[in-house]
Amino acid sequence: MAQKIVTIYTDDLTGAQSQEVRTHIFSLDGVNYEIDLVSDNYDKLFEALAPFIGAGRKTGRTSGPSRARKTQVEGPSSEEIRAWARENNHLVSDRGRVPAAIHEAYRAAH
0 MAQKIVTIYT
10 DDLTGAQSQE
20 VRTHIFSLDG
30 VNYEIDLVSD
40 NYDKLFEALA
50 PFIGAGRKTG
60 RTSGPSRARK
70 TQVEGPSSEE
80 IRAWARENNH
90 LVSDRGRVPA
100 AIHEAYRAAH
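The opening position of the sequence shown corresponds to residue 0 in numbering that gives the first Met the number 0, with each subsequent residue numbered one higher.
In structure tokens, the structure reads:
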């Protein structure tokens, strides 16, 4: 027996089906929300939030599947933290995310 799996991408706002639907994450009052939108509807969401984003303060970066709008984060690079970790006898991989414990140790040392 053969099996065929079909994935249908649906815009959460309009219910329209499209291959261009992407997942976006945003937060409000400590609650994270995830919404699937085509680019036009994402633009509408971003435009609606733009005045509040502009007047607000950044408190950190959340991670998620959508990284279309990257922001530059201040502080040492992952490579700098990895080099420091190795010099201070911490085990750290060459690739991937630097563990939070290594970040904490770096901050404590600096």
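Ideal Cβ placement from N, Cα and C applies to all residues, glycine included.
In this structure residue 32 is exposed. Its beta-carbon is surrounded by fewer than 16 other beta-carbon atoms within 10 angstroms. Around the Cβ of residue 20, a 10 Å sphere holds 16 or more other Cβ atoms; the residue is buried. Rounded to the nearest angstrom, the Cβ distance from residue 35 to residue 9 is 7 Å, consistent with a contact under 8 Å. The beta carbon of residue 7 is closer than 7 Å to those of 16 in its chain, skipping five residues each way along the sequence. CA-CA distance, residue 102 to residue 57, rounds to 20 Å. Apart from sequence neighbours up to five positions away, the residues of its chain that approach residue 105 with a beta-carbon distance below 8 Å are 75, 80, 83 and 84, ordered along the chain.
With a cutoff of 9 Å on beta-carbon distance, residue 13 and residue 30 are scored as not near each other.
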